[in-house]
Each structure stands twice: as C-alpha cells, then as structure tokens.
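Everything below concerns the one structure shown next.
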DNA sequence: CATATGTGTAAAAAATAATTAACACATGTT
DNA sequence: AACATGTGTTAATTATTTTTTACACATATG
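Here you go:
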C-alpha cells in the first residue's frame with residue numbers, strides 16, 4: 001500500500017482538490033476491484049469517454065492509479081487499463097501547519 | 001483531538017474540497033496557534049475581510065474551527081474569534097470504496 | 001485501401017467557485 | 001444623535017473548473 005506524504009502545500013492541495021469531487025472518487029471506486037479501460041469506466045459511470053480518460057490520467061499522475069497497456073487478439077489490439085493503487089493519507093492540523101511553515105521559509 | 005469519520009460520500013467530498021484550496025488551508029494555519037478574528041486573519045493573509053469570514057464559517061461548519069464570542073472594554077465591544085480544532089482524517093481507498101457502496105445501496 | 005474499437009488532445013461551451021464592493025447591523029460609550 | 005471597530009450578507013464580477021464535441025491517431029486484420 002502506498003502511504004502518501006507531502007513535502008509542499010501545493011502537493012497536498014493538488015491531492016485534496018483532486019479527490020474533493022464525487023465524480024473522480026467514483027472513477028477511483030470503479031477501478032478498485034479490477035482494472036478497467038477508459039471507455040468501460042465512462043459507460044459504467046455515465047460520463048463521456050474523454051472525461052473518464054482525463055480523470056484516470058490525473059489519478060495516475062498522483063499515484064492513485066496504475067496504468068497498464070494490454071494487448072489483445074482482436075480490435076482494439078492495444079488498450080490502456082487502469083487499476084486503483086491502495087493508498088492511505090493521514091491528514092491533520094499539524095501537517096497543514098508544518099507545510100505552511102516550510103512554505104514561508106522558502107518564500 | 002477530533003478524529004473525523006464519514007458516513008456518506010458527499011460528507012467526505014465536502015471536507016476534501018474545502019481543504020483542497022491553499023487559501024483555506026492558510027486560514028486554518030493562521031488560527032492554529034492562537035485564536036483570531038476575521039479581520040485579523042484577512043489582514044494577515046492579504047485577503048478581503050468578508051472572504052476570511054466566509055472561510056472561517058465554512059471551517060467552523062465542518063468542525064475544523066471553533067468560534068468564540070469575545071467581549072472587550074473598548075470598541076468593538078463584541079467580536080467573534082476563531083481557533084483551529086486539532087483534527088485527524090485518515091483517507092484510504094477502502095473508505096472511498098465503502099462509501100461508494102453505501103451510496104449505491106441507498107440510491 | 002477499409003474495418004473495428006479504443007485513445008489523445010484541444011477548443012469551446014457550460015457550470016461552478018472565488019472574490020469584491022457595498023450596505024446594513026451590533027455594541028457600548030460619549 | 002455620533003463614534004469606533006468589527007460583522008453578516010448579497011449581488012455582481014471575475015476566475016476557474018467541468019465537460020463535451022470534434023477530430024486525428026493507433027493497431028492489426030482483411
């Protein structure tokens with residue numbers, strides 16, 4: 001399991017704002033049990049395929065999803081699947097305060 | 001310390017989107033060490049007083065800040081101070097999945 | 001070449017959030 | 001009544017995010 005930690009406030013904010021959206025949490029939930037590709041997720045959640053792809057990319061970028069290229073004997077011969085990465089974040093006031101402080105020192 | 005837990009996905013999303021913003025984290029950081037009133041926070045962070053007040057209210061509403069009315073011998077004779085409530089949130093994939101599930105059952 | 005099925009990406013439109021200015025109100029003192 | 005200092009709230013403006021549509025591309029097969 002991935003235990004997320006943060007060195008900067010913007011990093012933390014990036015994660016929190018990514019997850020502070022029901023749609024993106026739904027995408028994460030959709031790929032928790034088994035890997036899926038973007039079109040599958042889109043159809044399952046009733047959102048457009050490009051949007052599902054964007055969200056999967058964003059989740060992947062933050063380390064919350066893993067992208068895997070899969071090949072097949074029939075079309076499409078190549079597709080990109082994603083599956084959720086088990087993770088844990090501990091968020092508390094001390095963390096926020098210490099990140100604020102280190103921002104001030106850098107600034 | 002307050003250990004936050006969630007019964008619904010919207011609740012979780014409300015917290016995450018509230019904190020997924022550098023400005024509001026700054027407000028929380030500003031009142032972590034000692035209580036302050038809205039105008040003080042606004043001046044310290046360089047934002048407008050109504051905005052500081054709105055954020056303090058939002059943080060209070062989610063239990064992350066505590067509002068206290070203070071009286072004084074000179075104007076203003078009454079002012080509302082806020083201080084951060086130490087809190088901790090553990091966020092992980094299992095939580096997200098279980099909240100998604102309970103939403104489906106309710107829906 | 002066409003086919004099948006999925007993907008990447010950008011522009012544009014729509015929706016939402018952020019933020020301010022303005023104004024009325026609160027409180028006790030003079 | 002005026003004063004001092006802060007607050008509550010809303011409408012309007014600005015900024016940001018969400019989301020879609022459209023189009024080109026990827027891949028192997030026929």
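Chains as they are written, first to last, in full-length UniProt numbering: chain L, 1 to 107; chain A, 1 to 107.
C-beta atoms are modelled at their ideal positions from N, C-alpha and C, and glycine is treated no differently.
Is the number of C-beta pairs between the segment 68-85 of chain A and the segment 32-46 of chain A that are closer than 8 Å three or more? yes
Just verifying my parser: in three-state terms, what is the DSSP assignment at residue 29 of chain L? Within the first chain, residue 29 of chain L is the residue found at index 29, counting from 1. The answer is helix: DSSP assigns residue 29 of chain L an H, G or I state.
Buried versus exposed call for residue 29 of chain A [16 or more other C-beta atoms within 10 Å across all chains shown]: Counting from 1 along the second chain, the entry for residue 29 of chain A is found at position 29. The residue in question, residue 29 of chain A, is buried, as its Cβ has 16 or more Cβ neighbours within 10 Å.
Is the shortest distance between the beta-carbon of residue 46 of chain A and the beta-carbons of chain L less than 9 Å? As a first step, residue 46 of chain A is located in the second chain; it is residue number 46 there, counting from the start. Output row for residue 46 of chain A: interface = no.
Short CB-CB distance (under 9 Å) between residue 43 of chain L and chain A: The residue you call residue 43 of chain L lines up with position 43 of the first chain. It does not: the Cβ of residue 43 of chain L has no partner Cβ on chain A nearer than 9 Å.
Is the shortest distance between the beta-carbon of residue 32 of chain L and the beta-carbons of chain A less than 9 Å? One-based indexing of the first chain puts residue 32 of chain L at position 32. For residue 32 of chain L, the answer is yes, since a Cβ of chain A falls inside 9 Å of its Cβ.
C-beta neighbour in chain L for residue 87 of chain A, strict 9 Å: Position 87 of the second chain holds residue 87 of chain A. Yes, its Cβ sits closer than 9 Å to a Cβ of chain L.
For residue 43 of chain L and residue 74 of chain L, the rounded distance between their alpha carbons: Here residue 74 of chain L refers to the residue found at position 74 when the first chain is read from its first residue. Here residue 43 of chain L refers to the residue found at position 43 when the first chain is read from its first residue. Each residue's alpha carbon lies about 21 Å from the other.
Would you tell me roughly how many angstroms separate the C-alpha atoms of residue 10 of chain L and residue 61 of chain L, rounded to the nearest one? Position 10 of the first chain, counted from the start, is the residue given in the question as residue 10 of chain L. Position 61 of the first chain, counted from the start, is the residue given in the question as residue 61 of chain L. About 15 Å.
For chain L, is any of its Cβ atoms less than 9 Å away from the one on residue 17 of chain A? Within the second chain, numbered from 1, the residue matching residue 17 of chain A stands at position 17. Taking Cβ atoms only, chain L reaches closer than 9 Å to residue 17 of chain A, which makes this a yes.
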